[in-house]
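Participant:
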Amino acid sequence: STKLLEPYKLGALTLSNRLVMAPLTRNRAPAPNFAPGPLAVEYYGQRASAGLLITEASQVSQQGQGYQDTPGIYSKEQVEGWRKVTDRVHERGGRIFIQLWHVGRISHVALQPNGGAPVAPSAIRAKTKTFVNGTFADVSEPRALELSEIPGIIDDFKRATANAIAAGFDGVEIHGANGYLLDQFAKDGTNKHRTGIRISPVTPANDVSDSNPQPLFDYIVDHLNALKLTYIHVIEGATGGPRDNAPFDYASLRKRFKQAYIANNGYDFALAEKVLEAGAADLIAFGKPFISNPDLVERLKAGAPLNEWDKATFYGGGAKGYTDYPTLKATEAAE
Ligand SMILES: C=C(C(=O)O)c1ccccc1
-5 STKLLEPYKL
5 GALTLSNRLV
15 MAPLTRNRAP
25 APNFAPGPLA
35 VEYYGQRASA
45 GLLITEASQV
55 SQQGQGYQDT
65 PGIYSKEQVE
75 GWRKVTDRVH
85 ERGGRIFIQL
95 WHVGRISHVA
105 LQPNGGAPVA
115 PSAIRAKTKT
125 FVNGTFADVS
135 EPRALELSEI
145 PGIIDDFKRA
155 TANAIAAGFD
165 GVEIHGANGY
175 LLDQFAKDGT
185 NKHRTGIRIS
195 PVTPANDVSD
205 SNPQPLFDYI
215 VDHLNALKLT
225 YIHVIEGATG
235 GPRDNAPFDY
245 ASLRKRFKQA
255 YIANNGYDFA
265 LAEKVLEAGA
275 ADLIAFGKPF
285 ISNPDLVERL
295 KAGAPLNEWD
305 KATFYGGGAK
315 GYTDYPTLKA
325 TEAAE
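Taking the working numbering, the leading residue of the sequence shown gets -5, the next gets one more, and so forth.
(1) Find out if the Cβ-Cβ distance for the pair Asp164, Ala171 is shorter than 8 Å.
(2) DSSP three-state call for Gln53: helix, strand or coil?
(3) Report yes or no: do the segment 72 to 86 and the segment 99 to 118 share at least 3 C-beta pairs separated by less than 8 Å?
(4) When the cut-off is 8 Å and only beta carbons count, does Ala111 lie next to chain C?
(5) Run the Cβ filter for me: residues under 5 Å from any heavy atom of ligand 1, listed in the order they occur in the chain.
(6) Would the segment 15 to 33 and the segment 127 to 147 be scored as touching if the rule is three or more Cβ pairs under 8 Å?
(7) For a test of the three-state rule: what should DSSP assign to His217, helix, strand or coil?
(8) Distance, Cα to Cα, Arg89 vs Leu9?
(9) With three or more beta-carbon pairs closer than 8 Å as the criterion, would you say the segment 94 to 113 touches the segment 71 to 80?
(10) Look up Asp132 in the DSSP assignment and give the residues it is bridged to.
(11) Using a Cβ-Cβ cutoff of less than 7 Å, which residues in the same chain neighbour Asn185 once the five nearest sequence positions on both sides are dropped?
(12) Nearest by alpha-carbon distance to Ala138: which of Phe91, His187, Ala266 is it?
(13) Give the DSSP-derived three-state secondary structure of Phe308 in the structure shown.
(14) Thinking just about the alpha-carbon of each residue, which of Pro320, Lys222, Val215 is nearest to the one in Val228?
(15) Among all the DSSP beta bridges, which residues are the ones paired with Thr8?
(16) Measure the C-alpha to C-alpha separation of Leu120 and Arg99 and round it to an integer number of angstroms.
(17) Would you tell me roughly how many angstroms separate the C-alpha atoms of Gly315 and Tyr309, rounded to the nearest one?
(18) Output the distance between the C-alpha atoms of Asn239 and Tyr261, rounded to the nearest integer angstrom.
(19) To the nearest angstrom, how far is it from the Cα of Tyr(-3) to the Cα of Arg12?
(20) By how many angstroms is the C-alpha of Ser246 removed from the C-alpha of Gln208?
(21) Could you tell me the distance, in whole angstroms, from the CA atom of Tyr174 to the CA atom of Lys249?
(22) Return helix, strand or coil for His227, following the three-state DSSP convention.
(23) If I measure Cβ to Cβ from Val133 and keep anything under 8 Å in the same chain, skipping five residues before and after, which residues do I get?
(24) What first and last residue would you give for the beta strand (DSSP E) that runs through Ala327?
(25) Should Asp140 be labelled buried (16 or more other beta-carbon atoms within 10 Å of its own) or exposed?
(26) To test your reading of the DSSP string, which unbroken alpha helix (DSSP H) runs of 4 or more residues are found completely within the segment 256 to 297?
(27) Can you pull the DSSP bridge partners for Gly58?
(28) Count the other CB atoms within 10 Å of the CB of Pro32; is the residue buried (16 or more) or exposed (fewer)?
(29) Looking only at its chain, what residues have a beta carbon closer than 6 Å to the beta carbon of Asp289, apart from the 5 residues adjacent to it on each side?
(30) What residue from Thr224, Lys181, Gly312 has the CA that sits closest to Asp276's CA?
(31) Measuring straight from C-alpha to C-alpha, what distance separates Ala23 and Asp63?
(32) Sort Gly66, Gly39, Ala328 by Cα distance to Ser52 and report the nearest one.
(33) Would you list the residues sitting across from Ile67 in a DSSP beta bridge?
(34) Rounded to a whole number of angstroms, what is the C-alpha to C-alpha distance between Glu0 and Leu18?
(35) Within this structure, are the beta carbons of Asn259 and Glu302 separated by less than 8 Å?
Right, dumping it as C-alpha cells:
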C-alpha cells in the first residue's frame, strides 16, 4: 500500500492522506485590500483533496508585508476573503492551515505604513530584492525595532490567529523560515543584540550557597552556549573578597563556553596579564581600581601608580569619591 495515501491523525484532525500542500506565494491578492478573491477560492478548492493545505504566507500586519499582492490576515476584508476559501475547502472535505508571516527587513518603503523603513532586529539591509510596483527592487534599509515594539508584533500574531479561526482555518503555521522576521531574530547574522551574563559560582554574597557548584555551573554554562550569549562574566571566588574561598575549576567553564570569558574579582595588572597569557580568559573586569582611577588604562600604559579607593564614599553622596579622583595628568600637573 502507498504510505502517502494512509490517513494521519494530526492532533485533533484526521488527515485523509499524508500529502501536505506547502505554502506557496502566488502574489494574487492585490491592493488596496490584499485579500484573497474568487480565484483563490477556486485555486485552494481545486486542491482540497490534499491531506492538509497550508496557504501562501499571509502577513499579520501591513508592516509585515514584503512583496506586492501578498494576502494579509489582519483586516475584515481579508478575513471575509479567507472565509470563502476555507468554506470551499471544507465543502470538499479538505483541511487547511494559514501560514502567518512577518517579513521583517525583507520589504520596501512602498509597502510599509506611511512609507516608513521596514523593521528588523538590527539595522542591517539584506542583499536581496523584493517585488513591488511590478518590478524587482532592492529591499529598503531597515530600522532596528525598539524593545517596546516587540509586544505589539506578538499581538499582531495573536490577532492574526484569532482572525484565522474566525476565517474557518483548521490551524495556523508560524513562518519562522527563509530569512523573514523570526529567522532574522534567531540568527546572529541579522540580530546583533548580544547578551552577556554575570555568574558567581562560589560567592557567599547575600547568604547564597550551593552544595555542589561545579556540576551545577558546568550545566548552566553548557546551556548558556545554546543561547549563543556573547560572554559569561565570572566572579571568581567571593565577590569583592578572597578569590580562593572555595574550590572551583573556572577552566572548566572556560573550556565549555564557546564565546568570550570575562574574569573578575581582585585582579591586579600582574594577575590579569598572567591569566590572559594563559588563555584562561579573554577580558578582565576591574571594579575598585576603576572607581579610583578614571584613567586606569593610561596608568597601565605608563606603568604609573594607582590612586587608592575610598570605601567611605563607595555608596551614595555626590562628586566626592565619585568624579573627583585625579587623573595621572592632573596629578603630574599639580606636582
Ligand atoms: C514566503 C516566501 C518564502 O517563504 O520563501 C516567498 C516569498 C516570495 C517568493 C517566494 C516565496
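Heads up, the beta-carbon is just placed ideally off N, CA and C, and yes, glycines get one too.
Facilitator: The structure says:
(1) no
(2) strand
(3) no
(4) As a matter of chain content, chain C is missing from the structure shown, which is built from one protein chain.
(5) Thr19, Ala51, Asn172
(6) no
(7) helix
(8) 7 Å
(9) no
(10) Lys123
(11) Pro115, Ser116, Gln178, Phe179
(12) His187
(13) coil
(14) Val215
(15) Lys3
(16) The residue you asked about is not Leu; residue 120 is Ala in the sequence shown. Their backbone Cα atoms lie some 7 Å apart in a straight line.
(17) 9 Å
(18) 15 Å
(19) Rather than Tyr, the amino acid found at residue -3 in this sequence is Lys. Taking the straight line from one Cα to the other gives about 8 Å.
(20) 9 Å
(21) 34 Å
(22) strand
(23) Gly60, Arg99, Ile100, Ser101, His102, Pro112, Arg119, Ala120, Thr122, Lys123, Thr124
(24) It is not in any beta strand (DSSP E) - Ala327 instead sits in the alpha helix (DSSP H) that spans 322 to 328.
(25) Just to set this straight, residue 140 is Glu in the shown sequence, not Asp. Exposed.
(26) 263 to 271, 282 to 286, 290 to 296
(27) Answer is none; Gly58 lacks a bridge partner.
(28) exposed
(29) Thr321, Leu322
(30) Thr224
(31) 5 Å
(32) Gly66
(33) Per DSSP, none; premise fails for Ile67.
(34) 24 Å
(35) no
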